[in-house]
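Here's the structure we're looking at; comments come further down.
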Amino acid sequence: MAATFRTRPWQLIPARTAASRSLLGCSQCGVRFPWATIPDARSSSAFQTERKPWTARGYASRSAQSPQVRSMMRKEMNQFRKAGSPALEMASGGDSAMASSLDIKLPSTIVALPLSRAPRSPRDFARYQFERLKQHAFDLVTLLAFKISSMPSWSARPRFRVRRSALVPTAKALHRTMSEALAAGDKGALEQVCLGQLFRSLAAAVDGRRRGRRLGWELVRYNGRPRVMDHKLAIFPGPGGRQAVLRQAVVRIGSRQRLVEIDEARGGAPVEGSERVRDVTEYVVLSQTLNPQTYAASEWRLWGTVGETTLADMEEEKVTLAELEKQELQPYKTGGGAGGGAKKRPSA
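Adding 51 to a residue's 1-based position in the sequence shown gives its number in our numbering.
So this is what it looks like as structure tokens:
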């Protein structure tokens, strides 16, 4: 049976690559890390300690009925599925470009709401939990099936190792490295730990800073234990029978962070009134590509952040995927095949 957006959407469409709404205080940078820029030192908010869960939902944060959203997703789907796509060739070829070739967020990425913000209606609460658990069970089965497929024989050990326990330490290390490099304006270090679009957004924020100024960043403490919120794997079919495999994890990191602006012209003295201390909760998205022949994995890198998933987000994404599925199947319903030529139905 042919894959559809309802049965196997990961085989047909990449998630939108656009970063979430800005948490940087600058319009040109759309990623959601808090310390890319700093407000004017004269602002009274520079002395406040804030606690706010930062939420966004990629393309689902806008109405699924939006023509712009549907047009954007169709365009990305067609670009990704285009035969001979350089990105897909690199991802399935196992070369050095594999790590950065799939700069996407997978569909049905779910970050569960805490109970305090869960739907109040018993019916909506039950629907929300059912959809969440169903998707997480599907993700678990997909990972297990891929692990079994990596076994050379039934008596041999799988070549693909999940190593779920390593996800949280990896996310913490990448998050700290990214934050320190962002504060220091070290674009070389940012490029090492971030995927392409995230790196370009952060590099633009660094370039937009005032000359002679840099930031000092400190992780004061973690607020609670970081936790894996979503973990999935998707296989993308490519030209010539080749495949690309993308593994993704979302880790919740709550922390207290301190930031201060440094004036290099004054011998590295802090700018008066620029220090901020903030309690932030970030849902960090890690991405890794796998070679489907050797099962060799690239280094984990940061895609960006996402927000908590509401029931409305689930419904909006479902509507959007259904519309794209309908568009995908339209050539077959009108008598044309995927290649554009007419196909005759077999006689009874």
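Glycine included, each C-beta is placed from N, C-alpha and C at the ideal position.
Quick one: what's residue i bridged to in DSSP?
{"i": "D314", "result": "R264 and A320"}
{"i": "G355", "result": "V336"}
{"i": "V279", "result": "V302"}
Is it the case that the Cβ atoms of residue i and residue j are separated by a distance below 8 Å?
{"i": "L194", "j": "V213", "result": "yes"}
{"i": "S201", "j": "F211", "result": "yes"}
{"i": "L375", "j": "L225", "result": "no"}
{"i": "E315", "j": "R264", "result": "yes"}
{"i": "F197", "j": "L337", "result": "no"}
{"i": "V302", "j": "L218", "result": "yes"}
{"i": "L380", "j": "E312", "result": "no"}
{"i": "R383", "j": "T356", "result": "Per the sequence shown, the amino acid found at residue 383 is Tyr instead of Arg. Not in contact: Y383 and T356 (Cβ atoms no closer than 8 Å)."}
{"i": "T360", "j": "A163", "result": "yes"}
{"i": "I161", "j": "Q186", "result": "yes"}
{"i": "A300", "j": "D281", "result": "yes"}
Does DSSP classify residue i as helix, strand or coil?
{"i": "K156", "result": "coil"}
{"i": "P220", "result": "helix"}
{"i": "G305", "result": "strand"}
{"i": "Q294", "result": "strand"}
{"i": "S349", "result": "coil"}
{"i": "Q381", "result": "helix"}
{"i": "P288", "result": "strand"}
{"i": "T340", "result": "strand"}
{"i": "A256", "result": "helix"}
{"i": "A373", "result": "helix"}
{"i": "V271", "result": "strand"}
{"i": "R174", "result": "helix"}
{"i": "D190", "result": "helix"}
{"i": "R168", "result": "helix"}
{"i": "R329", "result": "strand"}
{"i": "Q243", "result": "helix"}
{"i": "S206", "result": "coil"}
{"i": "I199", "result": "helix"}
{"i": "A363", "result": "helix"}
{"i": "A232", "result": "helix"}
What's the call for residue i, buried or exposed, on a 16-neighbour Cβ count within 10 Å?
{"i": "F189", "result": "exposed"}
{"i": "S167", "result": "exposed"}
{"i": "T340", "result": "buried"}
{"i": "A222", "result": "buried"}
{"i": "D154", "result": "buried"}
{"i": "S216", "result": "exposed"}
{"i": "L233", "result": "buried"}
{"i": "S172", "result": "exposed"}
{"i": "S159", "result": "buried"}
{"i": "P220", "result": "exposed"}
{"i": "P165", "result": "exposed"}
{"i": "G292", "result": "exposed"}
{"i": "L191", "result": "exposed"}
{"i": "D258", "result": "exposed"}
{"i": "T371", "result": "buried"}
{"i": "L74", "result": "Annotation note: pLDDT 32 at L74 (below 50); position unreliable, coordinate value reported separately. So L74 counts as buried."}
{"i": "I199", "result": "exposed"}
{"i": "S206", "result": "exposed"}
{"i": "K377", "result": "exposed"}
{"i": "A134", "result": "At A134, the pLDDT of 33 sits below 50, so the modelled position is not reliable and the matter cannot be decided from this model."}
{"i": "T106", "result": "Below a pLDDT of 50, predicted positions are generally treated as unreliable, and T106, at 34, falls in that range; the measurement from the model is reported next regardless. That one is buried."}
{"i": "G358", "result": "buried"}
Does the beta-carbon of residue i, which I'm using as the reference point, lie nearer than 7 Å to any heavy atom of the ligand SAM?
{"i": "R264", "result": "Absence of the ligand SAM from the depicted structure is noted, as is the absence of any ligand whatsoever, leaving it without description."}
**Prompt:** When the Cβ atoms of the segment 314–324 are set against those of the segment 357–369, are three or more pairs found closer than 8 Å?
**Reply:** Result no; under three Cβ-Cβ pairs closer than 8 Å.
**Validate contact between the segment 303–311 and the segment 244–256 using beta carbons, cut 8 Å, 3 pairs** = With a cut-off of 8 Å, the segment 244–256 and the segment 303–311 do not count as touching, because too few Cβ pairs lie within range.
**Item:** Sufficient close CB pairs (3 or more, under 8 Å) joining the segment 294–301 to the segment 241–252
**Value:** Contact fails: fewer than three Cβ-Cβ distances are below 8 Å.
**Asked** If we count Cβ pairs, one from each stretch, closer than 8 Å, do we get three or more for the segment 238–245 versus the segment 267–280?
**Response** Touching, no, given that fewer than three Cβ pairs across the two stretches are closer than 8 Å.
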